[in-house]
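**Q**
Number of protein chains: 2
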Amino acid sequence: MSAELDDPVYRTGVVDLLGALAYGELTAFERLAEDAALAPTLLDKAELGAMASAEFGHFTRLQERLSALGVDAYAAMEPFRATFDNFHAHTAPADWPEGLVKAHVGDGLAADFYREIAAYLDTGTRTLILETLADTGHSAFVVARVRRIISEQPAVGGRLALWGRRLVGEALSQAQVVVAERDGLSLLLAGGVDRPGMDLAAIGRMFARLTENHSGRMAALGLSA
Amino acid sequence: MSAELDDPVYRTGVVDLLGALAYGELTAFERLAEDAALAPTLLDKAELGAMASAEFGHFTRLQERLSALGVDAYAAMEPFRATFDNFHAHTAPADWPEGLVKAHVGDGLAADFYREIAAYLDTGTRTLILETLADTGHSAFVVARVRRIISEQPAVGGRLALWGRRLVGEALSQAQVVVAERDGLSLLLAGGVDRPGMDLAAIGRMFARLTENHSGRMAALGLSA
């Protein structure tokens, strides 16, 4: 374990972050498995299932890390349940294409956000987070499927573009609630005397990068952001 | 690949069997993930999620094996969709305890059945099937949970005992439909000139063993079979 984790403020922030990430992976697993039920073909079902299983594997690693820190993973996840559950309740896909876009856009945005934060963490935690977020190679499947759906039914493209915007809006508003409620996370982002952090300008630049990457993902899907 | 697989009749039977097993694992994954949504605690949710992910891992291995045999896994699964979907449609758990019992009893019965058949197969296929069915260590969780539920709400025990009987009845009737419809499977069971098979007496003994094991599992859960 890194020496940074001896600092109780830093440690609390890291436990919060891992708890949020773990619960996020667990709900992502659940939602992807649910979306697999909407899949039009067995191949689609299996692809979504593979994504769901990969998320569950990530959850297991995060749970193990929390245990190694002497923390009950379930207690660490609990503060983030309401936020993630609200996000998913407000963004339940109405059909298969919406599920695909959510899987891709939601995953991408969450991964970008955690990667940004990982840059400010100790090596051990950073490595774990980056490995957890490593692209599992399923994006290509989603991109190809969404592009085909839009080429076959152009009208669906407009609806999915709106859907993408709603997903981002909802994600950002839930992220704000989390940071506002959890001092540990805010302090983690703010840094400390011997630890770099983000000032307001840096946070602004981070959001600019997140938004830019999101637009890139929407464009790859053939959708306007 | 074993020499047995050069025999087209044997090969057709094996492809059928692997297709049925693969689709069974894929639907088991889906149902367990769905049941995880009913879980009363995060710990329960994670346990069911782990079972679901393990099933998906099995599905992936079977899919790879079918590809190695030069067969499209999705085409091999297709003939078994209706049967498994019917089974699940007729045995949708009404609540969390029913989901737990179904996970345990259904998994156990399926595993016993495939293990019985594996004894008549070439070494490569047999090893794959036995490894696919290896207990992933989650049974202990289900047994403990069901026993606690019954000790807290004894009335639930009677309902779950009936539920267990319905699960077996439905499973056996669907299994009969499959064997009746798929000549490849019947021929696999019947054996060939240079390959041992099951005569009617052996099939009878197999069903006796399946029923006995089922009763044992119900007893372990604290339920009368």
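First to last, the protein sequences are chains Z and G. 1 is the number of the first residue of the first sequence in this note's numbering; add one for each residue after it. 1001 is the number of the first residue of the second sequence in this note's numbering; add one for each residue after it. C-beta: ideal position from N, C-alpha, C; glycine also. This structure is a prediction, so every number in the text was calculated from the model and none was measured.
1) Drop a sphere of 10 angstroms on the beta-carbon of S1053(G), count the other beta-carbons inside from all chains shown, and report buried for 16 or more, exposed for fewer.
2) Assuming V178(Z) contacts L188(Z) (C-beta within less than 8 Å), just tell me the rounded distance between them.
3) Given this structure, state the Cα-to-Cα distance separating F1059(G) from Y1023(G), to the nearest angstrom.
4) Go ahead and label L162(Z) buried or exposed: buried means 16 or more other beta carbons lie within 10 angstroms of its beta carbon, across all protein chains shown.
5) Y74(Z) versus chain G: which residues are under 9 Å apart at the beta carbon?
6) Tell me, please, whether the CB atom of F87(Z) is closer than 8 Å to any CB atom in chain B?
7) Thinking C-alpha only, which one of N86(Z), G197(Z), H104(Z) and H90(Z) is nearest L121(Z)?
8) Considering only the alpha carbon of each residue, which of F56(Z), D194(Z) and A36(Z) lies closest to G49(Z)?
9) If you measure from the beta carbon of S67(Z) to each beta carbon in chain G, is any gap under 8 Å?
10) Strictly under 8 Å for the Cβ-Cβ distance: is G1019(G) near chain Z by that measure?
11) Less than 8 Å between the CB atoms is what I'm expecting for W96(Z) and A39(Z), so what's the real figure, rounded?
12) For R1209(G), does the three-state DSSP call read helix, strand or coil?
13) Strictly under 8 Å for the Cβ-Cβ distance: is M51(Z) near chain G by that measure?
14) If H1104(G) and V1168(G) are in contact, beta carbons under 8 Å, what's the gap, nearest whole angstrom?
15) Answer with buried or exposed for V193(Z), where buried requires no fewer than 16 other C-beta atoms within 10 angstroms of its C-beta.
16) What in chain G is Cβ-close to L230(Z), meaning under 8 Å?
17) From the DSSP secondary-structure annotation, give me the bridge partner or partners of R195(Z).
18) Around the Cβ of G158(Z), are there at least 16 other Cβ atoms within 10 angstroms (buried) or fewer (exposed)?
19) According to the Cβ coordinates, are H1090(G) and E1181(G) closer than 8 Å?
20) In this structure, does DSSP put H138(Z) in helix, strand or coil?
21) Determine contact between the region 216-224 of chain Z and the region 132-150 of chain Z, defined as no fewer than three beta-carbon pairs at a distance below 8 Å.
22) Across the region 1009-1028 of chain G and the region 24-32 of chain Z, are there enough close Cβ pairs to call them in contact, namely three or more that are closer than 8 Å?
23) Decide if R245(Z) is buried, meaning its Cβ has at least 16 other Cβ atoms within 10 Å, or exposed.
24) Is the beta carbon of L1018(G) sitting closer than 8 Å to the one on E1055(G)?
25) Can you tell which of G1191(G), E1212(G), G1164(G) and A1020(G) has its C-alpha closest to the C-alpha of E1078(G)?
26) Quick one: list the residues of chain G neighbouring A82(Z), beta-carbon separation under 9 Å, in chain order.
27) Which chain G residues sit within Cβ distance under 8 Å of F56(Z)?
28) Alpha carbon to alpha carbon, what distance is there between G106(Z) and T83(Z)?
29) Quick check: the Cα distance between G1013(G) and D1183(G), rounded to an integer number of angstroms?
30) Should A1220(G) be flagged as near chain Z, meaning a C-beta pair shorter than 8 Å?
31) Ends of the alpha helix (DSSP H) at D1007(G)?
32) Counting contacts by CB-CB distance shorter than 8 Å, is F1029(G) in contact with chain Z?
33) Given that M1077(G) touches chain Z, what residues does it touch there, using C-beta distances under 7 Å?
34) Considering G106(Z), what are the terminal residues of the alpha helix (DSSP H) in which it resides?
35) Can you find a C-beta in chain G that's less than 8 Å from the C-beta of A3(Z)?
**A** Result, derived from the coordinates:
1) buried
2) About 12 Å; that fails the 8 Å criterion.
3) 8 Å
4) exposed
5) T1041, L1042, L1043 and A1046
6) This model lacks chain B altogether; the protein chains it does include are Z and G.
7) G197(Z)
8) A36(Z)
9) no
10) no
11) 6 Å
12) helix
13) no
14) The Cβ separation is near 12 Å, so there is no contact.
15) exposed
16) The requested residue 230(Z) is not part of the displayed model; chain Z covers only 1 to 225.
17) G192(Z)
18) exposed
19) no
20) coil
21) yes
22) no
23) It is not possible to answer for residue 245(Z), since the shown part of chain Z is limited to 1 through 225.
24) no
25) A1020(G)
26) What A82(Z) touches in chain G: nothing, since even the nearest Cβ is about 13 Å away.
27) G1049, A1050, A1052 and S1053
28) 14 Å
29) 8 Å
30) no
31) Neither: D1007(G) is in no alpha helix (DSSP H) and is coded neither H nor E.
32) yes
33) L42
34) W96 to A118
35) no
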